[in-house]
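As numbered in my numbering, residues 1 to 180 make up the sequence shown, in order. Worksheet: the structure to be examined is printed underneath.
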Amino acid sequence: MPYASEVPAPGSTDQFATDEIILYGVKLNAVQNYARLDLTEHVNFRPAQETVVLQLDLRYRMGAGGFNVLQNNTVVIAAIYGYAFEGHCFRPDKTRIYAFYYDGPDLPAVGCGFDETGPLASNSYRMWRLKMRTPLMEISAAVDTAETLILDANLPGKRAPNTYDSRMQMSHRGGRLTNS
């Protein structure tokens, strides 16, 4: 049994809110108003000397005008490695990329094993305190072959449980759902 000092816990602060989630991760748009995901090693259809990136930015439009880029002090695009809720630390099954509005302070991470002791750099762990009802956008990207992403992902045992209902099927006439 681990000692209490070995169990990661959220950082000790004098703030506590029952509807708060603390996200721990790296801000991908810390330097620019966009985030870049490097896909070079995963994309085999381009020459080896080329760099391939996916560039993400969030934009808004007022009225019928053009789209404007949201600044990185208003919106966060982050790779999330862990979170804390009600005094407990959790790790997702894989790194998650989220975009969300955040106009709070840019805080170095404290707690859950993500403690930053040095000065805050662009690739430092950060923490964001969000209310449970804060809107988030999860950005999910997978790079692989068509066989892996389509065929293998839909094999029995790998599909979502709600796709196994055998009583409902799509009719080929009129697109109606029918009970078999």
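For each residue, glycine too, the CB sits at the ideal point set by N, CA and C. Because the structure is a prediction, the values reported are computed rather than measured.
Proximity below 8 Å, CB of residue 72 to CB of residue 123: no
Residue 154, buried or exposed, once every other Cβ within 10 Å from all chains shown has been counted against 16: exposed
Sequence-distant residues of its chain with Cβ nearer than 6 Å to residue 91 (five each side left out): 82
Supposed close pair residue 25, residue 79 - CB separation, criterion 8 Å: 5 Å
Length at least 3, wholly inside the region 78–164: the beta strand (DSSP E) runs in chain order: 88–90, 96–101, 125–131 and 137–139
Under 8 Å between C-beta atoms of residue 22 and residue 132: no
Rounded straight-line distance, which links the Cα of residue 50 to that of residue 36: 15 Å
Distance CB(residue 121)-CB(residue 115) smaller than 8 Å: no
Runs of beta strand (DSSP E) lying entirely within the region 19–69, each at least 3 residues, in chain order: 20–27, 35–38 and 53–56
Cα-Cα separation, residue 77 to residue 59: 13 Å
Beta-carbon gap between residue 75 and residue 101 smaller than 8 Å: yes
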